[in-house]
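Let me begin by presenting the structure, written as structure tokens, before commenting on it.
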Amino acid sequence: MTTRAAGISDIGRCRKVNQDMYLVDEELGLYAVADGMGGHAAGEVASDIAINALARSLREHEPVSGTWSPDEAKTLLRQAVREGNRKICESVTARAEWRGMGTTLVALVRVEDRVVIAHVGDSRAYLMRDGRLRQLTSDHSWVNEQVKHGLLTPEQAERHPMRNIVTRALGNQPEVEVDLVEEEIRPGDVFALCSDGLNGMLRDEEIRGVLQDHAEVPHAACRQLVDRANAEGGEDNITVIVMRHEG
Ligand code: CA
């Protein structure tokens, strides 16, 4: 199976800086989105550290031949995310003005005919298969916790004033818990990674429609998604990666 992928990061229409970062490394089969938080240039420092630590860590453990097994990929991803977390915490100790900085991270690695996804925070991974869109990650956010406890409906969560509050991020604690998801790949599958600047502006049904219409050309899908999120207000930085797997 071959993979075609593209990514775009856009500042949006309201923010003065873009604190999102993304990585598309087709050689390693590694894709990631990080959404930095914190003022005084700190948010983009945190997302940059997380993405670089991830890429470096996986390159250091590049398989000599073939690919990692899914279990190896899980172990490597968990270590890489934790390494990024430690590096951000160290930077905060060294520079007082960076106190409070943090970042989300969603990372996908392709191994054989499967993908392994690691995530912390509210950046998302989606899968569109046979015309249906499924969110593969569960947001570490205050509103999602309320939904899980039956205290908010998903519709109330979408527009809730506290929807930006993240309950787990890199850079907040010396150790971070990493969620891992494994999924098989079928021909025609379209995977998407995004920051909340996308899914905060577009409903899942709109995301599904764009992925469906532009499945053949990942870059066109990314462009459409970013343009639509900006047309809806572009309240936050918008980052999206789209991958299509062909048989
Ligand atoms: Ca954001």
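Residues in the sequence shown are numbered from 10 upward in steps of one, following my numbering.
We put the CB at the ideal spot given by N, CA and C, even for glycine.
Discussion item. Looking at ligand 1, does it come within less than 7 Å of Gly197, judged from the CB to the closest heavy atom?
Written reply: In the sequence shown, residue 197 corresponds to position 188, counting from 1. No, since every heavy atom of ligand 1 falls outside the 7 Å radius drawn around the Cβ of Gly197.
Fill in: Distance CB(Ile126)-CB(Val115) smaller than 8 Å
Your numbering for residue 126 matches position 117 in the sequence shown. Your numbering for residue 115 matches position 106 in the sequence shown. Their beta carbons are under 8 Å apart, which means Ile126 touches Val115 by this criterion.
Discussion item. Please classify Ser74 as buried or exposed, where buried requires at least 16 other C-beta atoms within 10 Å of its C-beta.
Written reply: Taking the first residue of the sequence shown as position 1, residue 74 is located at position 65. Exposed, since its Cβ has fewer than 16 Cβ neighbours within 10 Å.
Practice prompt. Could I get the ranges of all uninterrupted alpha helix (DSSP H) runs contained in the region 227 to 251, with 4 residues as the minimum, in chain order?
Written response: Whole alpha helix (DSSP H) segments, 4+ residues: 227 to 240.
Worksheet item: How about Thr112 and Arg133: are their beta carbons less than 8 Å apart?
Response: Indexing the sequence shown from 1 puts residue 112 at position 103. Indexing the sequence shown from 1 puts residue 133 at position 124. Taking 8 Å as the Cβ cut-off, Thr112 and Arg133 do not qualify as a contacting pair.
Discussion item. What does the alpha-carbon distance come out to for the pair Arg87 and Arg195?
Written reply: Within the sequence shown, numbered from 1, the residue matching residue 87 stands at position 78. Within the sequence shown, numbered from 1, the residue matching residue 195 stands at position 186. If you take the alpha carbons of Arg87 and Arg195, they lie about 25 Å apart.
Worksheet item: For ligand 1, any of its heavy atoms closer than 7 Å to the Cβ of Asn208?
Response: Counting from 1 along the sequence shown, the entry for residue 208 is found at position 199. Asn208: no, Cβ never under 7 Å from ligand 1.
Worksheet item: What are the start and end residues of the beta strand (DSSP E) that includes Arg123?
Response: On the sequence shown, residue 123 is found 114 positions in, with the first residue counted as 1. Start and end: Arg123 to Val129.
Worksheet item: Can you tell me whether DSSP reads Ser88 as helix, strand or coil?
Response: Numbered from its first residue, the sequence shown carries residue 88 at position 79. Sequence check: residue 88 is Gln here, not Ser. Looking at Gln88 - three-state DSSP - the assignment turns out to be helix.
Worksheet item: Would Arg212 be called buried (16 or more neighbouring beta carbons within 10 Å of its own) or exposed?
Response: Stepping through the sequence shown from its first residue, residue 212 is reached at position 203. Exposed is the call here.
Worksheet item: Which term fits Gln165, buried or exposed, when burial requires 16 or more other beta carbons within 10 angstroms of its beta carbon?
Response: Counted from its first residue, the sequence shown places residue 165 at position 156. Label assigned to Gln165: exposed.
Item to complete: Alpha carbon to alpha carbon, how far is Cys23 from His49? Give it in angstroms, no decimals.
Response: One-based indexing of the sequence shown puts residue 49 at position 40. One-based indexing of the sequence shown puts residue 23 at position 14. Looking at the two C-alpha atoms, the distance is approximately 17 Å.
Item to complete: Pick helix, strand or coil for Leu63, following the three-state DSSP scheme.
Response: Locating residue 63 in the sequence shown gives position 54, counting from the first residue. Reduced to three states, the DSSP call for Leu63 is helix.
Item to complete: Can you tell me which of Val124, Ser66, Asp57 and Glu154 puts its alpha carbon nearest to the alpha carbon of Arg172?
Response: Taking the first residue of the sequence shown as 1, we reach residue 172 at position 163. It is Glu154 whose Cα lies nearest to the Cα of Arg172.
Item to complete: Throw me the rounded Cβ distance for the Val129 and Leu189 pair, which I believe falls under 8 Å.
Response: On the sequence shown, residue 129 is found 120 positions in, with the first residue counted as 1. On the sequence shown, residue 189 is found 180 positions in, with the first residue counted as 1. Actually they are not in contact, since the Cβ atoms of Val129 and Leu189 sit about 11 Å apart, beyond 8 Å.
Worksheet item: Among Thr12, Trp107, Asn61 and Pro183, which one has its Cα closest to the Cα of Glu36?
Response: The count along the sequence shown starts at 1 and reaches residue 36 at position 27. Answer by Cα proximity: Thr12.
Item to complete: Let me know the beta strand (DSSP E) ranges lying completely inside the region 130 to 191, each 3 residues or longer, listed in chain order.
Response: 133 to 138 and 141 to 144
Item to complete: With distances taken Cα to Cα, identify the nearest neighbour of Gly21 among Val251, Leu63, Asp236 and Ala55.
Response: Here residue 21 refers to the residue found at position 12 when the sequence shown is read from its first residue. The option with the nearest alpha carbon to Gly21 is Asp236.
Worksheet entry | 8 Å CB neighbourhood of Glu215 in its chain, flanking five on each side removed | By one-based count along the sequence shown, residue 215 stands at place 206. Counting only Cβ-Cβ distances below 8 Å, and skipping sequence neighbours, we find Arg237.
Discussion item. Among the candidates Arg217, Thr176 and Val101, whose CA atom is the shortest distance from the CA of Leu136?
Written reply: Start at 1 with the first residue of the sequence shown, and residue 136 comes out as number 127. Selected option, being the one with the closest Cα: Arg217.
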